[in-house]
Every structure is written in structure tokens, then in C-alpha cells.
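Scroll down for the structure; my scribbles are underneath it.
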Amino acid sequence: MVHYGHSNQLRQAKAMGDYLIVGVHTDSEIAKHKGPPVFTQEERYKMVRAIKWVDEVVEGAPYVTTLETLDKYNCDFCVHGDDITLTVDGKDTYEEVKKSGRYRECKRTQGVSTTDLVGRMLLMTKAHHSNIDSSNYQQHTDNFGKRGHSPWTGVSQFLQTSQKIIQFASGQEPQPGDTIIYVAGAFDLFHIGHVDFLEAVHKLADKPYIIVGLHFDQVSLCLSYVSEVVIGAPFAVTKDLLDHFKVDLVCHGKTEIYPDKDGSDPYAEPRRKGILRTIDSGNSLTTDAIVQRIIKNR
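Read left to right, the sequence shown gives residues 5 to 302 (the numbering used here).
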């Protein structure tokens, strides 16, 4: 999986140098040393490329990082989090570069990990938007999404602070001639479908300034397509919001639009103004499908 912890690690790594090359392992390498991956290698390549601190991606990078690999890509050193990574036979994957003095360490992000995220999904207990009839699926996903409740949703182990948010924000203001585009959503279990959607929105204008209205999360801040994030955005796209940000377009994907608590259309105002656009990202991947992958790989 590619999550906030990875993005934060890449942000720290980029700050240590000038040009960041990220090696991404193949599905077979991950399956051999860690277990079956949630996302395919092609999905992971694209997700990592979309992170704004990444300058280059090496596809199919070896699981064990060697001096030969660093020299091949003209790297002065490599960076990893302060948690040890082992091969299937228990060897430190960074042993060689550590001994040579070409290893740097960054802080692991507390409160978020692949294991934690998978655990959240497998502990869900109240259904909301899943249309899948599989009893095995429902057993695990009964509490996923906007209307669900679980021990994990609402109270996350990850503690958000203003300093963390500032570190991820670009600080870029909209410029004259920019097309200001607003999109909103929970972006829960952020995946390649979200990346493809934001990429498609980014292509709508020559100079797009994309504002993401985020329903209590901050993962979208790490993407190169995103200019600004409204954390804790209102569910309904209101006139006040549109006027405040001087929004030219409001975009939504092809997923179902759920009514607000009072049954009203949350996109009524942009519809009335004629600025609502439905975007086909070309990617049909959904949260349901990802949870199915995880259950299948258990």
C-alpha cells in the first residue's frame, strides 16, 4: 500500500538532498519477502510518481539495496525509515550501504502503517455503501465509509498537528489566469483511482489550481496535482464556499453522490450555477475492490 507514512518519509528524504529517486519493488519481490501486495506494481509506480517530492521512479528496484544500485543511478546515499527491513531469510536489506556510510535514516511516521490500515479494514462492523453480496466480504466490511462506525473511524491513532500540515502544504496562492477547480470527498483508503481522478481534473485547464475539500483527512496534500486542501470541508458545496475560493469549476467522479443529512443534493449550488463537471478518470477501481483484495490475500 502507498499511504501517508510513505509520503512523509519521501518528504523527509527529499529534504536531505536535491534529487529524489524512489525504487519501487515488483509484485514478485514483495510476495517473496513480505507477502502479497495490495496494489499491483503498475498501480504503485503511478502512485509514487504522483507524490510531489519524487523526481524519478526506478521500476522493479531490487529488494536488497546495494552499492551497485546506488552507483547505477548516481546516488550519493539512500534513505529509509528508522524501522529495520529484513529479507525472507532475516538479513538487513541495507547492510551493505550502512557499512559503506551511504545510508541515511528518517523518522517513521507514528500512528500509521500498512499493518494498521489493513487491520482497520478487517475490523469494520457496519455496512454503508458496499453492494457486494459475499458474506465473507460483508463480515469484514460492515463498517466501511461515510456512514459507518468502528473502533478505528473517527478516532485515529495518527495525531494531526498544524506543523505536520504545514510541512505538506505548498503555500502556493492562485495566480491571475488560474482556473480554480474544487473537488471534495473523504478520500478514505487513498488509492490509484483517486490519483487518476485528480490527474484527469488537472488536465481540464492550462493553469489549474485544484482545491480538495477533504472530509477530515490530509492525505491529498502530498500529491503533485493538488494546490490546496480544505480540511474538514462541509459535505455540501455551498455558495459561501464557492465565493470564498472564487471557484470556476466543481468536479466529481462517476461514483454515486450521496444526499446530505436532510436529503438535499450536496452539489445543488454548483449545478445551479452550471459549473459542475462529471469526470471519467478511466479507472474503475473502488475501495470495495481493494478491501476484497485484502480479504482474498489474508
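All residues carry an ideal CB built from backbone N, CA and C; glycine is no exception.
Every value quoted in this text rests on a predicted model; they were computed, and no experiment measured them.
Rounded to whole angstroms, the separation of the alpha carbons of Leu90 and Lys38 is 9 Å.
At the C-beta level, Gly257 and Val234 stay beyond 8 Å of one another. Per the DSSP secondary-structure output, Leu90 pairs in a beta bridge with Asp96. Looking from the CA of Arg281, the closest CA among Phe239, Lys265, His206, Lys103 belongs to His206. In this structure the region 173–185 does not touch the region 259–270; the number of beta carbon pairs closer than 8 Å is below three. For Ile298, the closest C-alpha among the options Leu193, Ile88, Gly278 is that of Leu193.
Within the DSSP secondary-structure output, Glu232 pairs in a beta bridge with Ile215. The criterion of a C-beta distance shorter than 8 Å is satisfied by Ile196 and Met51.
Relative to the Cα of Leu24, the nearest Cα in the group Val92, Arg275, His84 belongs to His84. For Ile25, the enclosing beta strand (DSSP E) has its first and last residue at 25–28.
Per DSSP, the beta-bridge partners of His256 are Thr282. For Gly9, the enclosing alpha helix (DSSP H) starts and ends at 8–19.
Check the Cα spacing between Val28 and each of Gly9, Ser11, Arg48: the tightest is with Arg48. Following the DSSP letters along the chain, one finds Ile185 inside the beta strand (DSSP E) bounded by residues 183–189. Secondary structure of Tyr107 (DSSP, three-state): strand.
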